[in-house]
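Worksheet for the structure shown next.
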Amino acid sequence: MSIDAVALVLLTVIGSATPLLFAALGELVVEKSGVLNLGVEGMMILGAVAAFGVAVTTGSGTLGVLAGAAAGMAMAFIFGVLTLTLAANQVATGLALTIFGLGLSSLIGVGFIGIPVEPLPKLMLPGLSDLPLIGPLLFGHDALIYLSIFAVAAVAWFLKKSRAGMILRAVGESDISAHSIGYDVIAVRYRAVLFGGAMAGLGGAFLSLVYTPLWNEGMTAGRGWIALALVVFASWRPWRLLAGAYLFGGVTILQLYMQGAGGFDIPAQVMSMLPYLATILVLTIIAAGPWKGRLDAPACLGKPFRPST
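2 is the number of the first residue of the sequence shown in this note's numbering; add one for each residue after it.
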């Protein structure tokens, strides 16, 4: 395989992994606060259609990206009101959010099917971007790919080094204790949920404005569920999440490559199942393996906050 072919495959893997990375990183912060939001798929798909619609209407990819993040935050706010303010069941509410997002995105996107949009521009650096293999991999991406890597570093620093990150982790580990020493548990969790919604919306915006710059109904194709699995796979650690996103992105590209190459006597439907089969396999191994007790899941994950006073 030539250097250009290797670079093309790696670039495709990066593109496939980026929406997973955005969505999973946001969910990681949400779960670190003790909240389980299963509505990632719904927030992603609504972010995708909002980003595409605004980009087509205004001609601005930047406004499209901001609209995608805002749409994800709006969905997350609905989730927050229902689960944090009204104490609704987090699992049921997250599932309802996904169904609602899929339906609403289909309704909004009817008028945008088949309309092309100019993809976000690549940030090319003269001289560096032309280097063999290294140039395209490091210096030839759009702004969202660089933002996803920066976001991983920022979240890792925030959770480990900052006071606000310590408070968020404390709320996720023992909400009653955090409340007893004066921290506003609900406010902390609202901020985490809104951040998670914005990141899921960015993942959707990347899909409709960069990865496949067009709108198709259901274009997230289960990526929100894979993002949820990635958080467990990474044991709630941002840098492991980065590696896991690129691993699962590689599996997605592998099945596409195998379908395109031919010579494999395997039905296309089975090949399309590979990313999801890999997700199930990884979660099964984690759940059954000797490291099950070292996953470091937040102690209050999915539990409603009920202060004693």
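Beta carbons: idealized from backbone N, C-alpha and C, even for Gly.
Between residue i and residue j, is the Cβ-Cβ spacing less than 7 Å?
i	j	result
L208	P20	yes
A52	A68	yes
A56	G62	yes
V153	V36	no
S107	F23	no
T99	G40	yes
G198	M44	yes
A228	A25	yes
P336	P120	One cannot answer for residue 336 here, as it falls past the ends of the chain, which runs 2 to 310.
G219	A235	no
A230	L160	no
Could you check what DSSP says for residue i in three-state terms: helix, strand or coil?
i	result
K304	coil
G294	Note on G294: pLDDT 49, under 50, position unreliable in the model; the coordinate value appears next. Three-state DSSP puts G294 in a helix.
D176	helix
P20	helix
P299	coil
Tell me, to the nearest whole angstrom, how far the beta carbon of residue i is from that of residue j; I am working on the premise that it is less than 8 Å.
i	j	result
V172	S34	5 Å
G303	V92	7 Å
G54	F151	G54 to F151, Cβ: 26 Å. No contact.
V186	F306	5 Å
L210	V118	7 Å
L11	L138	6 Å
G223	Y277	6 Å
What does a CB cutoff of less than 7 Å around residue i pick up in its chain, not counting 5 residues either side in sequence?
i	result
P122	D143
V189	S34, I168, L169, V172
F196	G27, V30
L105	L47
M76	G40, G43, M44, L47, L98, G102, G198
P308	I177, H180
A157	P239, W240
W226	E42
Between residue i and the rest of its own chain, which residues show a CB-CB distance below 6 Å, the 5 nearest in sequence each way excluded?
i	result
G294	Any answer about G294 is weak, because its pLDDT of 49 lies below 50 and its placement is not dependable; what the coordinates show is given next. Nothing meets the Cβ criterion.
A155	none
A279	V252
S175	none
A206	G48, A52, V66, G69
V14	G250, G251, I254
L243	V153
Y247	A18
M200	F23, L26, G27
M74	L195, G198, A199
Here's a check: name, in chain order, each residue in its chain whose Cβ is nearer than 8 Å to the Cβ of residue i, leaving out the five neighbours to either side.
i	result
L83	A89, T94
A97	G40
G81	R190, Y191, V194, L195
I116	V57, L215, W216
C301	G35, V172, G173, E174, S175, D176
M125	F140, G141
Y184	I168, A171, V172
T59	G65
Y147	L124
W237	L29, E32, K33, L296, D297, A298, P299
Tell me the start and end of each unbroken alpha helix (DSSP H) in the region 73–117 that is at least 4 residues and wholly inside, in chain order. Segments of the alpha helix (DSSP H) lying fully in the region 73–117: 91–109.
Counting only runs of 4+ residues fully inside the region 149–197, write out the alpha helix (DSSP H) ranges in chain order. Counting whole runs of 4 or more residues, the region 149–197 contains the alpha helix (DSSP H) stretches 164–174, 176–181.
With a floor of 4 residues, list each alpha helix (DSSP H) that falls wholly inside the region 208–237, ordered by position along the chain. You should have 224–234.
Whole alpha helix (DSSP H) runs in the region 8–70 with 4 or more residues, listed along the chain? Runs of the alpha helix (DSSP H) inside the region 8–70: 41–59.
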